[in-house]
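The structure under discussion appears below in the form of structure tokens.
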Amino acid sequence: MKIAVLGANKKLGQKIILAAEKSKISTVSIVDSFTDVVGDGAVVIKSIDDLTYNDVKDCHYVIDPLSFFKISKYSTDNLPLWHILEILKDTDTKLLELGSSACLYTDKSKTTFVANQNEGVLNEFEDNKEELLCLNTYKRLQHCHNVKWSVLCPPLLIDDSTYGTGRFEFSNEILPVGVNGESFISETDFISATIELLKTVPELHKCTSVRGLN
2 MKIAVLGANK KLGQKIILAA EKSKISTVSI VDSFTDVVGD GAVVIKSIDD
52 LTYNDVKDCH YVIDPLSFFK ISKYSTDNLP LWHILEILKD TDTKLLELGS
102 SACLYTDKSK TTFVANQNEG VLNEFEDNKE ELLCLNTYKR LQHCHNVKWS
152 VLCPPLLIDD STYGTGRFEF SNEILPVGVN GESFISETDF ISATIELLKT
202 VPELHKCTSV RGLN
């Protein structure tokens, strides 16, 4: 397998590259400068808006850890996601978006998204305005049928200060919550889950959720 990672010299991108190569997955780092590039794979130094399909045509997946995780950095119409959808249109290269818990349903009835449940409320993890931006982006993405995309959504909290347990479980489009109400994963385990999902092949045009296990 071969993957291309957007923003591969940023914190999350670096970790994805290193975890992928540890799992014997070939990598292509998509970066805007050679600064802080990690791993042994190929490097493409370009603005995302300047990418063409030729830059990723040998890859099975393009991984986008920017559009949702850094959504407040971009205007809604200038997310990296939209350009990547254009260049992957009607191709066999798949897109894996690292999404947001805002895009998950609150329960099995699938009537309310997490972002809508918290509308008008600030929780301790995330400004609701950002949650609504993520949800609106996901709803717009759902109208794209000519790209083989999938989304991996974390639980409510990603902790980048704790060690991973190496244990996690995938679920469907519903927010994953433990028996004690916890909805948590370490950043390390979220990266591991990203690599594991690639190996098991994520469901197309859907969200997959994941949470950490103790």
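Numbering-wise, the sequence shown is residues 2 to 215 according to our numbering.
Don't be surprised by glycine CBs; every beta carbon is placed ideally from N, CA and C.
As the crow flies, the alpha-carbon of S68 is around 31 Å from that of V180. Within a 10 Å sphere around the beta-carbon of R168 sit fewer than 16 other beta-carbons, which makes this residue exposed.
With a threshold of 16 other beta carbon atoms within 10 Å, V202 falls short and is exposed. E204 counts as exposed, since fewer than 16 other C-beta atoms from the protein chains shown sit within 10 angstroms of its C-beta. For K12, the enclosing alpha helix (DSSP H) stretches over residues K12 to K23. Counting only residues of its own chain and dropping the five nearest sequence neighbours on each side, K109 has a CB closer than 8 Å to the CB of I175.
CA-CA distance, L13 to V39, rounds to 12 Å. The region 121–197 contains, as complete alpha helix (DSSP H) runs of 4+ residues, the segments 129–142 (chain order). Looking at the DSSP output, A116 bridges to nothing.
Cβ neighbours of I18 within its own chain (closer than 8 Å, five residues either side excluded): V6, A9, T28, S30, V39, G40 and G42. The residue from I4, Y62 and S102 with its alpha-carbon nearest to that of K149 is Y62. Non-local beta-carbon contacts of A21 in its own chain, meaning distances under 7 Å to residues more than five positions away in sequence, involve I4, T28 and I196 in chain order. Within the same chain, T113, F114, V115, Q118, I175 and L176 come within 8 Å of T107 by CB-CB distance, once the 5 residues on both sides are set aside. Around the beta carbon of S102, a 10 Å sphere encloses 16 or more other beta carbons of the protein chains shown; the residue is thus reported as buried.
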